[in-house]
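Working notes, structure below.
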């Protein structure tokens, strides 16, 4: 049998059976401190797919960083077939400053494909495209809501990508959202290169959320199992199918004041249900926020101070509230009790 080739990245050579962190130079700070994008490579002894898992494209989205930390400690990676590229923090500038953006206030996920001689955002996007996406067959990009909002665990796929939809079913997050790809995004550039990337959204900016972390880790391992990269021992199939939502709507504060949510993220709701209240500081005026259709709350504001027009609930449409209720209960129970998440394994 022919020996598997080494994996080359950033001018470094990773041998079969080796795992190593490679620093890819990005730039330097104003005081000449070097800044790198670090990628951890697990290069299996046996041929198989090359996939990447990225987090921290937005520097304040820390949920994905915790997911990949646990992924790299998972015993499921022993005997890996193929190659896994993990980038815990793509936007180290934003991470250091606890900011979504780069120092020039650009959004990295609107700066792809970038260019070698462009802005800082363009250079970082170009580096990621050249060193990571170009080497991979498939990718999973981990995100959370922006600061002061929270997302229930969900995978987003574009309407015209059956390959992504199939892998989203395998990932089995509680919710699959159909959403068009935005120009300048990582997913758009990957699609232009003929690569499929799943977008996982869960949790809140600058906060950890155990349910979101567990959903992300389980989904990644299920996908790797389906691709034949891991044996999948201890990786349980989802107890309930994901709820597919073909459309959604942001509900906005009807007035400025103090916002009180009466529903949690992940709650199925019926048309005309009262989801929350906005009151003035004196308690003289109070307005309800109601559901315009049957759906699931896939995101909501967590900051109680709102201005008129602020987004307060993200409601995704479902065909059957009863089925959604049962599915959400099954997902919650599995994420709470699955032996994969034995506390002795969470280090």
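Numbering (my numbering), first residue to last: 2 to 348. The C-beta atom is built at its ideal place from N, Cα and C for all residues, glycine as well.
Residue i by DSSP, collapsed to three states: which one?
{"i": "residue 250", "result": "strand"}
{"i": "residue 39", "result": "strand"}
{"i": "residue 184", "result": "coil"}
{"i": "residue 6", "result": "coil"}
{"i": "residue 148", "result": "coil"}
{"i": "residue 329", "result": "helix"}
{"i": "residue 126", "result": "helix"}
{"i": "residue 302", "result": "strand"}
{"i": "residue 170", "result": "helix"}
{"i": "residue 100", "result": "coil"}
{"i": "residue 140", "result": "strand"}
{"i": "residue 211", "result": "helix"}
{"i": "residue 317", "result": "strand"}
{"i": "residue 114", "result": "coil"}
{"i": "residue 238", "result": "coil"}
{"i": "residue 105", "result": "coil"}
{"i": "residue 30", "result": "coil"}
{"i": "residue 259", "result": "strand"}
{"i": "residue 64", "result": "helix"}
{"i": "residue 269", "result": "strand"}
{"i": "residue 132", "result": "helix"}
{"i": "residue 227", "result": "helix"}
{"i": "residue 156", "result": "strand"}
{"i": "residue 50", "result": "strand"}
{"i": "residue 58", "result": "coil"}
Would you tell me roughly how many angstroms separate the C-alpha atoms of residue i and residue j, rounded to the nearest one?
{"i": "residue 176", "j": "residue 121", "result": "34 Å"}
{"i": "residue 348", "j": "residue 64", "result": "Confidence at residue 348 is low in this model, with a pLDDT of 48, below 50, so the placement of that residue should be treated as unreliable; the coordinate-derived value is given next. One C-alpha to the other measures close to 15 Å."}
{"i": "residue 21", "j": "residue 37", "result": "15 Å"}
{"i": "residue 365", "j": "residue 182", "result": "In the structure displayed, the chain extends from 2 to 348; residue 365 sits before or after that span and is not available."}
{"i": "residue 51", "j": "residue 95", "result": "27 Å"}
{"i": "residue 158", "j": "residue 285", "result": "44 Å"}
{"i": "residue 239", "j": "residue 163", "result": "20 Å"}
{"i": "residue 141", "j": "residue 62", "result": "15 Å"}
{"i": "residue 339", "j": "residue 234", "result": "13 Å"}
{"i": "residue 309", "j": "residue 259", "result": "11 Å"}
{"i": "residue 11", "j": "residue 46", "result": "20 Å"}
{"i": "residue 133", "j": "residue 19", "result": "18 Å"}
{"i": "residue 349", "j": "residue 274", "result": "Residue 349 falls outside the range modelled here, since the chain spans only 2 to 348, and no answer is possible."}
Can you tell me which of the options puts its alpha carbon nearest to the alpha carbon of residue i?
{"i": "residue 139", "options": "22, 268 and 221", "result": "221"}
{"i": "residue 252", "options": "281, 300, 210 and 235", "result": "300"}
{"i": "residue 243", "options": "327, 12 and 41", "result": "327"}
{"i": "residue 209", "options": "229, 145, 180 and 266", "result": "145"}
{"i": "residue 315", "options": "57, 194, 321 and 147", "result": "147"}
{"i": "residue 131", "options": "53, 105 and 330", "result": "53"}
{"i": "residue 200", "options": "6, 207 and 188", "result": "188"}
{"i": "residue 174", "options": "320, 109 and 330", "result": "330"}
{"i": "residue 227", "options": "170, 103, 126 and 69", "result": "170"}
{"i": "residue 203", "options": "153, 192, 232 and 194", "result": "153"}
{"i": "residue 180", "options": "161, 77 and 207", "result": "161"}
{"i": "residue 5", "options": "23, 44 and 58", "result": "44"}
{"i": "residue 279", "options": "269, 268, 295 and 261", "result": "261"}
{"i": "residue 137", "options": "90, 80 and 196", "result": "196"}
{"i": "residue 42", "options": "29, 32, 31 and 13", "result": "13"}
Are residue i and residue j closer than 8 Å when you measure CB to CB?
{"i": "residue 236", "j": "residue 172", "result": "no"}
{"i": "residue 214", "j": "residue 67", "result": "yes"}
{"i": "residue 250", "j": "residue 293", "result": "yes"}
{"i": "residue 115", "j": "residue 92", "result": "no"}
{"i": "residue 86", "j": "residue 266", "result": "no"}
{"i": "residue 325", "j": "residue 297", "result": "yes"}
{"i": "residue 1", "j": "residue 71", "result": "In the structure as shown, the chain starts at 2 and stops at 348, and residue 1 therefore has no counterpart that could be examined."}
{"i": "residue 149", "j": "residue 241", "result": "no"}
{"i": "residue 216", "j": "residue 25", "result": "no"}
{"i": "residue 97", "j": "residue 40", "result": "no"}
{"i": "residue 143", "j": "residue 219", "result": "no"}
{"i": "residue 109", "j": "residue 125", "result": "yes"}
{"i": "residue 313", "j": "residue 302", "result": "yes"}
{"i": "residue 319", "j": "residue 269", "result": "yes"}
Classify residue i as buried or exposed, calling it buried when 16 or more other Cβ atoms lie within 10 Å of its own Cβ.
{"i": "residue 2", "result": "The predicted position of residue 2 is uncertain, since its pLDDT is 47 and thus under 50; no value can be drawn from it."}
{"i": "residue 190", "result": "buried"}
{"i": "residue 34", "result": "exposed"}
{"i": "residue 167", "result": "exposed"}
{"i": "residue 101", "result": "buried"}
{"i": "residue 186", "result": "buried"}
{"i": "residue 155", "result": "buried"}
{"i": "residue 349", "result": "The structure shown does not extend to residue 349, since the chain spans only 2 to 348, so no value can be given for it."}
{"i": "residue 230", "result": "buried"}
{"i": "residue 205", "result": "buried"}
{"i": "residue 1", "result": "The question about residue 1 has no answer here: the residues shown for the chain are numbered 2 through 348."}
{"i": "residue 306", "result": "exposed"}
{"i": "residue 112", "result": "buried"}
{"i": "residue 123", "result": "buried"}
{"i": "residue 334", "result": "exposed"}
Is any heavy atom of the ligand GTP found at a distance shorter than 7 Å from the C-beta of residue i?
{"i": "residue 37", "result": "As for the ligand GTP, it is missing from this structure, which has no ligand bound."}
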